[in-house]
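Participant:
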Amino acid sequence: MTSHRIALVPGDGIGREVTPAARAVLDAAGTRHGVRFRYDEFDWSCERYLAEGAMMPADGLDRVRHHDALFLGAVGAPGVPDHVSLWGLLIPLRRGFRQYVNLRPIRVFDGLESPVRGARDVDFVVVRENVEGEYSEIGGRLNRGLPGELAVQEAVFTRPGVTRVVDFALDLAARRRGKLTSATKSNGIVHTMPFWDEIVAERAAAKPEVDVESEHIDALAAKFVLDPGRYDVVVASNLFGDILSDLAAAVAGGIGLAPAANLNPEREFPSMFEPVHGSAPDIAGRGIANPIGAIWTAALLLDHLGHAEAAAGVEGALAAVLAKTRLRTPDLGGTATTVGFTRAVLDELGGAR
Ligand code: ATP
Ligand code: MG
């Protein structure tokens with residue numbers, strides 16, 4: 001029997017309510033496919049920051065370096081600015097473990113309503129560059145408070161950094177429907193974006209089985225809403241990918257549904273799996289958080305660890321519960337609880353409870 005060690009970081013708020021759902025689904029899928037999971041739990045969170053002054057211990061990365069994967073619920077708390085959890089936890093993990101791909105699948109499930117009328121057969125993946133690009137610390141501000149005040153922020157794109165994420169997206173497209181869309185803005189951003197485009201063209205030439213197109217980010221954002229069914233894999237820089245994936249999650253029916261993975265494709269370090277939503281303090285503690293994003297994220301973890309069939313089983317169970325039942329958490333207009341919905345997914349997976 002294969003065995004994996006998972007570092008669980010439930011985090012704050014509803015992160016703590018959806019993490020048990022993901023864990024139960026991992027265990028059930030594992031039981032069916034001869035995979036055993038062992039978990040170590042870590043209290044890294046904004047709550048820890050408020051009590052001890054740090055989101056995680058100084059040697060945090062060393063403590064999880066040898067785990068097969070990390071699962072993170074959500075971090076955030078009222079009164080703790082986003083940059084604390086970002087720079088105190090998420091960015092050190094992403095950069096330290098070279099998780100240069102942020103993978104965000106989008107699907108409109110049967111039985112769920114998209115705010116976009118007529119959105120059907122929507123099933124695509126946004127591949128966001130996760131460690132360089134527009135989110136750099138290079139830059140500064142001058143002449144604070146004066147009429148001549150200005151701010152400069154540099155974007156950094158490196159040849160290896162762009163190449164590896166584009167190659168990942170091309171490989172993924174080759175395994176899916178063979179279509180890749182590159183998000184760009186080379187008409188307005190005249191250094192980094194043409195560089196990105198050139199690398200996409202070079203790497204695409206080495207993979208003729210994938211049909212590659214480039215779209216300007218503004219037009220692409222409009223088409224995500226007007227015709228989301230036309231996409232298969234979309235590759236984008238850190239900033240563009242961030243915006244596109246939130247837009248796409250909204251098209252799919254809401255942030256509580258959206259899964260994400262921060263991948264180190266070479267497997268030199270653990271990858272980190274984390275639903276897109278935050279800690280949602282407004283509904284925390286009531287047992288009504290939507291567990292779909294977390295459960296789907298568990299499927300991404302299974303897939304990354306080489307259990308594609310188990311991953312497809314989890315996604316299929318989610319789809320079946322949504323198609324066959326009216327169980328919905330309040331964010332989707334229903335009255336189901338986190339535990340109730342999760343139980344239905346477990347039943348669908350084969351009653352391994
Ligand atoms: P954080 O400060 O951690 O980012 P947040 O409140 O900004 O937390 P978001 O994920 O951005 O969290 O969520 C915005 C709102 O969407 C939440 O306040 C909540 O009402 C709703 N929401 C998000 N995720 C879920 C979920 N899984 N189930 C139900 N509602 C959710
Ligand atoms: Mg938020």
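Heads up, the final residue of the sequence shown is numbered 353 in full-length UniProt numbering, and it's a clean run with no missing numbers. For each residue, glycine too, the CB sits at the ideal point set by N, CA and C. Quick caveat, the model's predicted, so the values are computed rather than measured.
Any heavy atom of the ligand ATP inside 7 Å of the beta-carbon of V18?
Facilitator: yes
Participant: If we ignore side chains and look at the alpha-carbon of each, how far apart do R353 and D43 end up?
Facilitator: Confidence at R353 is low in this model, with a pLDDT of 41, below 50, so its placement is unreliable and the value that follows should be read with caution. Cα-Cα distance, rounded: 26 Å.
Participant: What do you reckon, is the C-beta of residue 360 under 7 Å from a heavy atom of the ligand ATP?
Facilitator: Limits of the chain in this structure are 1 at one end and 353 at the other, which puts residue 360 out of reach.
Participant: Looking at F224 and A71, is the spacing between their C-beta atoms short of 8 Å?
Facilitator: The amino acid occupying residue 71 in the given sequence is Phe; Ala does not appear at that position. Annotated as distal: F71 and F224, with beta-carbon spacing of 8 Å or more.
Participant: Verify whether the separation of the beta carbon atoms of P270 and T297 is less than 8 Å.
Facilitator: no
Participant: I'd like to confirm something about H277: is its beta-carbon nearer than 7 Å to some heavy atom of the ligand ATP, or not?
Facilitator: yes
Participant: Just curious, the beta strand (DSSP E) that S271 is in, first and last residue?
Facilitator: S271 to F273
Participant: According to DSSP, is D110 part of a helix, a strand, or is it coil?
Facilitator: coil
Participant: Assuming A221 contacts L244 under a Cβ cut-off of 8 Å, what Cβ separation, rounded to an integer in Å, is found between them?
Facilitator: 7 Å
Participant: Just the Cα atoms here: how many angstroms apart are L103 and E315?
Facilitator: 16 Å
Participant: Please tell me whether R36 and S3 are closer than 8 Å, where the distance is taken between their beta carbons.
Facilitator: Taking 8 Å as the Cβ cut-off, R36 and S3 qualify as a contacting pair.
Participant: Quick one: using the 10 Å Cβ neighbour count with 16 as the cut-off for buried, is G350 buried or exposed?
Facilitator: Per the 10 Å Cβ criterion, exposed.
Participant: Does DSSP put R63 in a helix, a strand or coil?
Facilitator: If DSSP states are grouped into helix, strand and coil, R63 belongs with the helices.
Participant: Assign E202 to one of three DSSP states: helix, strand, or coil.
Facilitator: helix
Participant: Spatial neighbours of V210 within its chain, please: CB distance less than 6 Å, with the 5 preceding and 5 following residues excluded, ordered by chain position.
Facilitator: L170, A173, A174, G178 and L180
Participant: Over the uninterrupted alpha helix (DSSP H) stretch that includes P20, give me the two end residues.
Facilitator: G15 to H33
Participant: Express the C-alpha separation of V122 and G293 in angstroms, rounding to a whole number.
Facilitator: 17 Å
Participant: Should T329 be listed as close to the ligand ATP, given that the test is whether its C-beta is under 7 Å from any heavy atom?
Facilitator: yes
Participant: Where do the ends of the beta strand (DSSP E) carrying G293 lie?
Facilitator: Here G293 belongs to no beta strand (DSSP E); instead the alpha helix (DSSP H) covers I292 to H304.
Participant: Residue range of the alpha helix (DSSP H) that I243 falls in?
Facilitator: That run of the alpha helix (DSSP H) goes N238 to V251.
Participant: Would the beta-carbon of D246 be found less than 7 Å away from any heavy atom of the ligand FAD?
Facilitator: The ligand FAD is absent from the structure shown, which contains only the ligand ATP and the ligand MG.
Participant: Closer than 7 Å to a non-hydrogen atom of the ligand ATP - does that hold for the CB of G256?
Facilitator: yes
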